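To keep things clear, I will list the structure first and then write my remarks on it.
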Amino acid sequence: MSDLTKLTVADARDALRTGDVTSVELTEACLTAIDGADALGAFVHKTPEIALEQAGAADARIKAGDAPDMCGIPMGIKDLFCTNGVASQAASRILEGFKPEYESTVTSQLFDAGAVMLGKLNMDEFAMGSSNETSCYGNAVNPWRRGNDDTLLTPGGSSGGSASAVAADLCLAATGTDTGGSIRQPAAFTGIVGIKPTYGRCSRWGVVAFASSLDQAGPMAKTVRDAAIVLRTMAGHDPKDSTSADLAVPDFEAMLTGDIRGKKIGIPAEYRMEGTPAEIEKLWADGANMLRDAGAEIVDISLPHAKYALPAYYVIAPAEASSNLARYDGVRYGHRAKLAQGDGITEMYEKTRAEGFGHEVQRRVMVGTYVLSAGFYDAYYNRARKVRTLIKKDFEDAFAAGIDAILTPATPSAAFGLGEMTEADPVQMYLNDVFTVTVNLAGLPGISVPAGIDKQGLPLGLQLIGRPWEEGDLLNTAYALENAAGFVEKPSKWW
Numbered sequence: 007m008s009d010l011t012k013l014t015v016a017d018a019r020d021a022l023r024t025g026d027v028t029s030v031e032l033t034e035a036c037l038t039a040i041d042g043a044d045a046l047g048a049f050v051h052k053t054p055e056i057a058l059e060q061a062g063a064a065d066a067r068i069k070a071g072d073a074p075d076m077c078g079i080p081m082g083i084k085d086l087f088c089t090n091g092v093a094s095q096a097a098s099r100i101l102e103g104f105k106p107e108y109e110s111t112v113t114s115q116l117f118d119a120g121a122v123m124l125g126k127l128n129m130d131e132f133a134m135g136s137s138n139e140t141s142c143y144g145n146a147v148n149p150w151r152r153g154n155d156d157t158l159l160t161p162g163g164s165s166g167g168s169a170s171a172v173a174a175d176l177c178l179a180a181t182g183t184d185t186g187g188s189i190r191q192p193a194a195f196t197g198i199v200g201i202k203p204t205y206g207r208c209s210r211w212g213v214v215a216f217a218s219s220l221d222q223a224g225p226m227a228k229t230v231r232d233a234a235i236v237l238r239t240m241a242g243h244d245p246k247d248s249t250s251a252d253l254a255v256p257d258f259e260a261m262l263t264g265d266i267r268g269k270k271i272g273i274p275a276e277y278r279m280e281g282t283p284a285e286i287e288k289l290w291a292d293g294a295n296m297l298r299d300a301g302a303e304i305v306d307i308s309l310p311h312a313k314y315a316l317p318a319y320y321v322i323a324p325a326e327a328s329s330n331l332a333r334y335d336g337v338r339y340g341h342r343a344k345l346a347q348g349d350g351i352t353e354m355y356e357k358t359r360a361e362g363f364g365h366e367v368q369r370r371v372m373v374g375t376y377v378l379s380a381g382f383y384d385a386y387y388n389r390a391r392k393v394r395t396l397i398k399k400d401f402e403d404a405f406a407a408g409i410d411a412i413l414t415p416a417t418p419s420a421a422f423g424l425g426e427m428t429e430a431d432p433v434q435m436y437l438n439d440v441f442t443v444t445v446n447l448a449g450l451p452g453i454s455v456p457a458g459i460d461k462q463g464l465p466l467g468l469q470l471i472g473r474p475w476e477e478g479d480l481l482n483t484a485y486a487l488e489n490a491a492g493f494v495e496k497p498s499k500w501w
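As structure tokens, this is what we get:
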């Protein structure tokens, strides 16, 4: 078989079962592709020895007839997931040299099912960013380009390395995490599928924390079917994570019928924002028509508090980040600054954190510490928590009124050039999350599906938001949208 790396997870699974290809062959093809794609900056810690060992074990398992769906499938793992004996830095200098002695629950489940780890993937430092420009490893680069323009584009963030690697066929799927859109926005920017499950569906144990009440792991893949296959393996109850839901994980793939007749799809008025490009508006309208043609009923709805989501998010997320990142102090693990004679423990903390954290992380830690401080706690943090409750209630009301899913744009634009949104105005960058943060604040599942191409030849995604714990139903609606949109474009290889 040629072009093994272009296979979907579903096709690779079938080819492995019939003996048309071995996991070792598939893994070697991916490793060769990775070695030739350093220009994309997607893989930051390559693990070829581990990959080939896991692939050999997977082949033996398949031969013995004891093979779950993910057995033998080569994947990339976002650098936020702790992997036993393999550098897990969260793309930060402060975790330099950190190799955990344990495995995150999500990666444990994947490896127990026979998945193959090709290496660790680039990301924004501590998952803070929307463009993968805050990484200590340097930028991840989008494999897509604007026509014949050589400008390097962002793959989105924070799961930029995951998105770039899947879109460029370096791996068949990847893990991502989503705190305010970090799976869905990069998926939209690179023409792939990314799903953020309901909060609590996937364990957060062993995933480096950014904002604990918002973070959720999920898969990034080439198709909706692939996302369903990978999510089933990643999900499940974990006693080590107190927020993990003790619910059975259905066979999401078996629920992909494409039949959405009679489903009610909500179109929220509040997502029609001034300044949204005409191409995004048209894509949204086209998406609604596709779902209508597939038999769904399109209903206008209101989510009145959605307009407060971004400010509420940028109070809550930094507050939780400042608490979570207090543990990085140069004492137990990771980077420690060199001290001058006479420096005490305070200077050690100050210098270590100043050297170890990048500007965006420093900015969010300072904002978070400020909103949690005695004089401002009620004015900012408590008020943001109340707004969050109202946002969640808006969604509950919509679902109670019979809405099955909500259709919105995934991003306010196509991928932008690296360096085009400068540090001078971080708020411009934060606006990238405008369509995605509501889903995290409400703890709901959301998926980005590639649905079209803009005039410069770049992919555009649509977002579907589902009812809590009903990822199967959401994936089926996304499957119907994917079939109707017929998106098959791939980036031209330039790297």
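Numbering (my numbering), first residue to last: 7 to 501. Every residue gets a Cβ at the ideal spot worked out from N, C-alpha and C, and that includes glycine. Keep in mind the model is a prediction, meaning the values are calculated, not measured.
Once the 5 residues before and after residue 270 are set aside, which same chain residues still bring their CB inside 6 Å of it?
303, 305, 408, 409, 410
Have a look at 371, 261, 344, 350 and flag the residue whose alpha-carbon is nearest the alpha-carbon of residue 358.
344
Distance between residue 82 and residue 181 (C-alpha atoms, nearest Å)
Near 7 Å, if we compare the C-alpha coordinates of residue 82 and residue 181.
Using three-state DSSP, classify residue 47 as helix, strand or coil.
coil
Identify every residue that forms a DSSP beta bridge with residue 309.
For residue 309, which the question treats as bridged, DSSP gives no partner whatsoever.
Run the CB neighbour count on residue 508, radius 10 Å, all protein chains shown included, and call it buried at 16 or more, exposed below.
The requested residue 508 is not part of the displayed model; the chain covers only 7 to 501.
According to DSSP, simplified to helix, strand and coil, what is residue 179?
strand
By the three-class DSSP mapping on this structure, what secondary structure does residue 187 have?
Of the three classes helix, strand and coil, the one that applies to residue 187 here is coil, per DSSP.
With residue 114 as the anchor, note down where its alpha helix (DSSP H) starts and where it stops.
111-118
Where does residue 398 sit, in a helix, a strand or coil, going by DSSP?
helix
What do you reckon, are the CB atoms on residue 167 and residue 136 nearer than 8 Å?
no
Looking at C-beta atoms only, is the number of pairs between the region 222-240 and the region 190-209 that lie closer than 8 Å three or more?
yes
Residues in the same chain with beta-carbon distance under 6 Å from residue 508, minus the five sequence neighbours each way, listed in chain order, please.
Residue numbering for the chain in the displayed model covers 7 to 501; residue 508 lies beyond these limits and cannot be assessed.
By alpha-carbon positions, which one of 69, 230, 470 ends up nearest to residue 494?
230
Work out the CA separation of residue 366 and residue 60 for me, nearest whole Å.
So the two alpha carbons sit approximately 37 Å from each other.
Under three-state DSSP, which class holds residue 435?
helix
So residue 486 packs on residue 264, CB below 8 Å; how close in whole Å?
Your pair residue 486 and residue 264 checks out as a contact, with CB atoms roughly 5 Å apart and the cut at 8 Å.
Can at least three beta-carbon pairs, one atom from the region 114-131 and one from the region 431-443, be found at a separation below 8 Å?
no
Assigned secondary structure, residue 454 (DSSP; H/G/I helix, E/B strand, else coil)
Judged by DSSP in its simplified three-state form, residue 454 adopts strand.
Leaving out the 5 sequence neighbours to the left and right, which residues in its chain are closer than 7 Å to residue 206 when beta-carbon positions are compared?
For residue 206, same chain residues with a beta-carbon under 7 Å away, outside a window of 5 residues either side, are 249, 250, 251 in chain order.
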